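In my numbering, the protein residues as written are 101 to 442.
All C-beta atoms in this analysis are idealised placements derived from N, C-alpha and C, irrespective of residue type, glycine included.
Given the structure is predicted, the values throughout are model-derived calculations rather than measurements.
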């Protein structure tokens with residue numbers, strides 16, 4: 101038996117599908133959906149208008165450790181992410197020895213270790229999608245790092261639905277008028293005919309500015325005798341300004357092993373109830389080949405992530421490729437407010 105037959109795409113897909121799903125905040129706001137094709141026409145922004153694709157004016161020093169990006173600016177296609185991994189020589193030798201000894205428990209252990217490498221690639225695809233979704237709820241744009249340069253997708257958030265605080269108005273000042281800022285942002289949306297937002301997204305550091313604000317502390321505890329907790333402040337904001345607070349944590353890893361948070365510090369987003377859009381997965385080339393009978397060693401997991409295995413002769417190994425084509429759509433971009441508070 102060829103040891104490479106053990107590492108097959110159906111078993112890899114089954115292994116991944118049986119793992120418990122991990123629900124991320126971005127996915128809850130932009131649920132997954134599948135479509136045929138790869139064109140950007142499916143991706144909408146504010147007022148249901150097509151998303152604008154433009155070259156970024158800023159430079160990014162490092163690339164995200166996720167699936168590599170390819171962006172076709174001519175045909176306006178959704179970004180295509182792919183990465184592959186080979187079985188290393190040490191794992192290959194161990195697998196051969198275990199097969200020779202007919203030791204099933206050791207074979208299963210080695211195969212599980214190999215499959216974890218493939219799982220890391222699939223998780224990398226999910227990480228890219230969550231990164232894009234959280235970029236949207238940070239400021240309404242997506243920045244894709246590709247081999248051809250950095251590309252920005254602009255979802256058309258109205259300029260009066262964004263604000264950058266300056267001077268003493270910044271929230272890191274204990275005298276900042278945080279409640280006044282929030283009420284002003286709510287009014288901007290209401291004056292434009294939209295529903296008043298019900299949720300606020302921010303990082304733990306940004307939430308910390310609220311907990312030390314003089315006016316808010318005094319409003320919660322006029323005698324100064326209560327030790328305030330985060331839950332007390334959240335409850336106060338819910339009652340005072342009608343906003344449920346979501347504190348976003350988590351990060352993704354860059355190539356230099358440093359980490360970048362999914363939601364930036366010093367940013368605040370006011371969003372509406374319900375879904376804000378969808379996460380569209382298009383048809384990857386590997387999936388298209390399978391659909392039309394040209395390739396059978398491809399399986400799709402997690403709605404739109406294609407997993408494909410290929411036997412290699414020099415060196416003798418198995419190459420597993422993971423790819424996805426897609427990005428979030430933000431139909432309710434104009435119903436949200438984005439602020440930089442420090």
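For residue 410, the three-state DSSP class (helix, strand or coil): strand
C-beta contact flag for residue 382 and residue 135 at 8 Å: yes
Under 8 Å between C-beta atoms of residue 436 and residue 364: no
Supposed contact pair residue 237 and residue 301 - C-beta distance, whole angstroms, cut 8 Å: 6 Å
Proximity of residue 217 and residue 274 at Cβ, strictly below 8 Å: no
Simplified DSSP assignment, three categories, for residue 321: coil
Residues near residue 311 in its chain [Cβ-Cβ closer than 6 Å; skip 5 each side]: 333
DSSP-derived helix/strand/coil call for residue 107: coil
According to DSSP, residues forming a beta bridge with residue 255: Looking at the DSSP assignment, residue 255 forms no beta bridge with any residue, so it has no partner.
Coil, strand or helix - residue 380 by DSSP: strand
Straight-line gap, residue 418 to residue 187 (C-alpha atoms, nearest Å): 6 Å
Residue ranges of each beta strand (DSSP E) within the stretch 187-248, 3 or longer: 241-246
Where the beta strand (DSSP E) containing residue 369 begins and where it ends: 367-371
Per-residue burial, residue 251 [other beta carbons within 10 Å of its own, 16 or more giving buried]: buried
Neighbourhood of residue 283 by C-beta distance below 8 Å, restricted to the same chain and skipping five residues each side: 341
Other residues of its chain near residue 104: CB distance less than 8 Å, five sequence neighbours each side excluded: 411, 416, 417 and 418
Reference residue 133, options 403, 350 and 272, closest by Cα: 403
Residue 426 (DSSP reduced to helix, strand or coil): strand
Residue 118 versus residue 112 - alpha carbon distance: 10 Å
Through-space distance from residue 214 to residue 307, alpha-carbon basis: 41 Å
Bounding residues of the alpha helix (DSSP H) (the contiguous stretch that carries residue 311): 304-311
Beta bridge counterpart(s) of residue 437 as assigned by DSSP: 370
Among 270, 397, 230 and 361, nearest to residue 304 - alpha-carbon criterion: 361
Exposure of residue 457, with buried meaning 16 or more beta-carbon neighbours within 10 Å: Since the first residue of the chain shown is 101 and the last is 442, residue 457 is not available in this structure.
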